Amino acid sequence: MRRLLLLCVLSLACLAGLRLWPHAPLSDQVGGSVAVLARDGSLMRLTLAPDQQFRLWVRLDQMAPGLIDSVLLYEDRRFRWHPGVNPVALLRSAWHTASGGRRQGGSTVTMQLARRLYRLDTRRVSGKLLQIGAALWLEARYSKNAILEAYLNTAPYGANIEGVEAASLIYFRKHAQALTMAESLTLAVIPQNPVKRIASRGRNPELQAARDRLWRIWLTRHPQDARPHAPDALLALPAQGRANLPFVAPHLTDMLLAQSSSGVNEIHTTVDVRMQRTLERVIRGYIQSHADVGIRNASALLLDAGSMEVRAVVGSANYRDASIEGQVNGTLAKRSPGSTLKPFIYAMALDQGLLHPKTMLKDAPTSFGPFTPENFDGEFVGPVTAQDALIRSRNIPAVSVAARLNHPNLYSFLQLNQISKLESESHYGLALVLGGGEVTMEELARLYSLLPNGGLIRPLAYTREQARENDLALRDHPPPPILSEEAAFITLDMLRQTPRPDSGMPARPAVAWKTGTSWGFRDAWTAGVFGRHVLVVWVGQFDGASNPAFIGIQAAAPLFLRMVDALRAERLDPGDLAQRISPNLREVEVCAATGGLPDALCPVRTRTWFIAGKSPIQTSNLHQAVWVDARTGQRLCGQNPQAHPHAKRIVLERWGSDMERLFRQAGLPRRSAGPNDCASGVGPGGDAQGRADSAPTITAPLRGVSYVLRTRQPQALTLRAEAAAGVQALYWFADDALIARVAPGESVSWVPPQARRYTLRVVDDQGRAESRELNVELSP
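For the sequence shown, my numbering gives the first residue as 18, with consecutive numbering after it.
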């Protein structure tokens, strides 16, 4: 008796030692698939495990209780009590087999798991004995729950589908935790004969009969639960299969799968499947309707600006079309952004006190050292407000504003926003304003998110995990704003005034958007903000081929607006982000012609946003009242011209020489109150409004540049200056030496006689002057 007791104690100690001895979890013995899931948990993509099986490991508590009960009821009712084998079941199975009767399975859940884990051939007696030994070994080392969990994750469900989670996703498009009773019963009976029972699935008589038998058994064991499950338990199931597995947002899922670490079996993305399919459908229809002009490919990225979560990624028009390199993800490609960076030039200018939306800029021929930009249409419109210059995408005003930016300038701004792979600043020069650099679509989307987010830069999130990490980082280390909230607000408001190409009116509900066209017509862009979303659209070809149809306003803008309209029509846009109006923002009245505070002579007034303490504001001095002879139009001079019997008071606009020349070229000459009319100074009749007393402005060369003089073939340096109204002549000096006498706006070609520092000076015929330092260096 004592020996027997000692033997029992030793046996229990051995079992305890086996159970407590460190060993790898059963999940480590099988590879797994990866399920990529949408924001709502729906399946976007399911990959194959390394052994080419569809298999997803989930914990026991992540399975529907009805499924677990059904499996044990059907496969192994005494699972909780036996040590891994059921001798009674084995003997019964052997007797039926030997007597030639209907075969009955005698394997327990643990034995079935052993056969699958160790790939045993149990058709022979030796294999069966190995299976029994392996089952006992598993029971000695692992808990019942661990064994049951492993079995449910490796059970065969037809073809190369293993485990309840993979089967649930493939057949029912839901997780095992969400299975109904009918679906649980169906999955419970498949592993016993998967080949026959998955054929036609829901309409298969073999499957239906097995499921009905299990349902009747289940009712006898759970009579109290019969009523809530009875209505759906016997329904014919419209189960699906591998052939129509979802393949949503393939470019994004490719990227996330490539970035995922080993052992991850689920990737929870931030994608909204409805938005994703809407964008794909719109692109598909747009490509079909514009194939005649060579538009074959497009990409789009949509994100929620409030959370910075990406809602949709369309990397190409057709992932499976090799002729357009469809598997390339266009949202990650570096491309020239064209004019889509211009809003940030104006936003920085607002912050640096250089302008407000109604500040008058000049759209006239201008050289910036060796860089002489042109407008896209090859024309010049003369005076234009900052808001109109942005909306109409005028190049000259944008470059002029960019040349005045400082701390940061555009290049520094892009660096602050972590735009990758930038060349040196000198490599781009001012051409960066017009798309001389390259950005990716996600970088451009991040830039545009500054506007609804009050100037705060935040990273994009493609997954729920990234979104959580970003939120934690934002709380722990809030970044400084890249733009002020006032500048972001005003820039967004200016972009909302952009007219739609189809209606000629701004979009309602509001859409803030900007187009871009790269050099050589290789890329057409539109980026913008609507509701709480940022959307960026690109049209072009991945090989960089040129096409005259690739113009932002003509190719990308209609596609962008179609997407916005479609999302709103399907009620997928919840409305604008809440944006407060900063107490530093004011609306002020200005003169429409100048953007300055209106004087008594200003004929048309308008309102504009003004940032207190930043925005430049001064009294308008464009207009001047003069008296003329109503019969001849000649100006009346003298101490009391209004006493003339035919005197008439008119208001003149006193533009600079460059603007007057531009108006003449456009066939719209302005009358000038120059020295041929009367002596300048205080206007006739004591009217001093709008006196033009400003000094000339040097437009070439640029301030702070160095000129490299080649010793063998020296090239002339271009000098140019503009003057105030009424000036007839300008005099150029290098130090004290006269270079030339020219009319305002005319260029002077000058070759420096030697390498050194010069002081260039231009003086108008009224003695007003401006100077500029120029450093001349020698080059062989």
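Virtual Cβ for every residue (Gly too), placed ideally from N, Cα, C.
Bear in mind the structure is a predicted one, so any value in this text is a computation, not a measurement.
{"Query": "Own chain partners of P692 with C-beta closer than 8 Å, once the 5 adjacent residues on each side are dropped", "Result": "Reliability of the predicted coordinates at P692 is poor, the pLDDT of 47 falling under 50, and no value is obtained from them."}
{"Query": "As assigned by DSSP and simplified to three states, the class of K379", "Result": "strand"}
{"Query": "For V450 and V416, believed in contact at Cβ under 8 Å, the rounded distance", "Result": "5 Å"}
{"Query": "Pair within 8 Å by beta-carbon distance, L43 and Y159", "Result": "yes"}
{"Query": "W98 classed as buried or exposed, judged by whether at least 16 other C-beta atoms fall within 10 angstroms", "Result": "exposed"}
{"Query": "R36 in three-state terms, based on DSSP", "Result": "A caution first: R36 carries a pLDDT of 49, below 50, which makes its placement in the model too unreliable to give a value."}
{"Query": "Within-8 Å CB hit, G453 to chain D", "Result": "Judged by its chain identifiers, the structure shown contains no chain D, having just a single protein chain."}
{"Query": "Cα-Cα separation between P267 and S201, rounded to whole angstroms", "Result": "30 Å"}
{"Query": "Inter-residue Cα distance where the pair is D68 and L467", "Result": "46 Å"}
{"Query": "Bridge partner(s) assigned by DSSP for I178", "Result": "F71"}
{"Query": "Opposing strand residues paired with R652 [DSSP bridges]", "Result": "V645"}
{"Query": "Length of the line joining the Cα atoms of A705 and Q651", "Result": "Model confidence at A705 stands at a pLDDT of 28, short of 50, so the residue's coordinates are unreliable and nothing is read from them."}
{"Query": "Ordered list of beta strand (DSSP E) runs contained in the segment 304-377, each at least 3 residues", "Result": "315-321 and 326-331"}
{"Query": "Backbone secondary structure at M61 - three-state DSSP", "Result": "strand"}
{"Query": "Where the alpha helix (DSSP H) containing W154 begins and where it ends", "Result": "V142 to R158"}
{"Query": "Cβ contact check for the segment 307-327 and the segment 358-368: 3 or more pairs under 8 Å", "Result": "no"}
{"Query": "Option nearest S711 by Cα separation, candidates L719, Q732, W672 and R737", "Result": "W672"}
{"Query": "Rounded C-alpha distance that separates L65 from V345", "Result": "22 Å"}
{"Query": "C-alpha distance - L795 paired with A733, whole-angstrom precision", "Result": "14 Å"}
{"Query": "Beta-carbon gap between A505 and G533 smaller than 8 Å", "Result": "no"}
{"Query": "Beta-carbon contacts of Y724 that lie in its chain and below 8 Å, excluding the five residues immediately before and after", "Result": "P718, L734, P769, L791, N792, V793 and E794"}
{"Query": "CA nearest to the CA of W749, picked from S87, V780 and Q771", "Result": "V780"}
{"Query": "Beta-carbon proximity of L422 to L431, cut-off 8 Å", "Result": "no"}
{"Query": "Coarse secondary structure for T286, derived from DSSP in three states", "Result": "strand"}
{"Query": "Boundaries (first-last residue) of the alpha helix (DSSP H) holding Y445", "Result": "E442 to Y445"}
{"Query": "Given E459 as reference, the closest of A322, G395 and V668 once Cα atoms are compared", "Result": "A322"}
{"Query": "Simplified DSSP assignment, three categories, for G399", "Result": "strand"}
{"Query": "Three CB pairs or more closer than 8 Å across the segment 375-384 and the segment 607-619", "Result": "yes"}
{"Query": "Closest Cα partner of P565 within the set R666, P662, G311 and N601", "Result": "G311"}
{"Query": "Opposing strand residues paired with V47 [DSSP bridges]", "Result": "According to DSSP, which records beta bridges pairwise, V47 is partnered with nothing at all."}
{"Query": "Residue(s) in a DSSP beta bridge with A664", "Result": "D646"}
{"Query": "R773, buried or exposed, once every other Cβ within 10 Å from all chains shown has been counted against 16", "Result": "exposed"}
{"Query": "Cβ neighbour criterion (16 or more within 10 Å) applied to R758", "Result": "exposed"}
{"Query": "Residue range of the beta strand (DSSP E) that includes G557", "Result": "H550 to G557"}
{"Query": "Chain-order list of residues whose beta-carbon lies under 7 Å from that of I304 (same chain, five-residue window excluded)", "Result": "I312, R313, A315 and A334"}
{"Query": "Euclidean distance between Cα positions of I436 and M272", "Result": "19 Å"}
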